[in-house]
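Residue numbers (my numbering): 15 to 139.
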């Protein structure tokens, strides 16, 4: 293919990768919002159920809820790190980069590596 066409294809592929990354970040952000909303609702439900309790009991309950929220956030962060550090993801990413470097003028030949990378990310999630 001509140089102009190859540049167009390269920019198109890079655009698709950026779109996928943006989609994943948006999905992560939405998941965090859902977790926060669920935790807030749960806290409000528990607080309304325990309004009649003594103040000492309420502070204990609040501490338990706070610990619960912290543990949920920690679990979420661990899952995210797991995907980022998954060995299959790292090696698949490296294969895509190697293929692009090996074929700078014909990046479409790297479709299999890109597919494998996407599958590795899906498995790691």
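Idealized CB from N, CA, C, for every residue including glycine.
Where does residue 88 land, buried or exposed, given buried means 16+ other C-beta within 10 angstroms?
-> Indexing the chain shown from 1 puts residue 88 at position 74. Exposed.
Which residue's Cα is closest to the Cα of residue 50: 127, 83, 113?
-> Here the question's residue 50 lines up with position 36 in the chain shown. Among 127, 83, 113, the Cα nearest to that of residue 50 belongs to 83.
On a CA-only basis, which of 137, 56, 52, 34 is nearest residue 104? Give me that one, please.
-> Stepping through the chain shown from its first residue, residue 104 is reached at position 90. Nearest C-alpha to residue 104: 137.
Identify which residue in 56, 62, 102 has its Cα closest to the Cα of residue 80.
-> Taking the chain shown and counting its residues from 1, the one referred to as residue 80 is at position 66. It is 56.
By a C-beta neighbour count over all protein chains shown, 10 Å radius and 16 as the cutoff for buried, is residue 52 buried or exposed?
-> Position 38 of the chain shown, counted from the start, is the residue given in the question as residue 52. Residue 52 should be labelled exposed.
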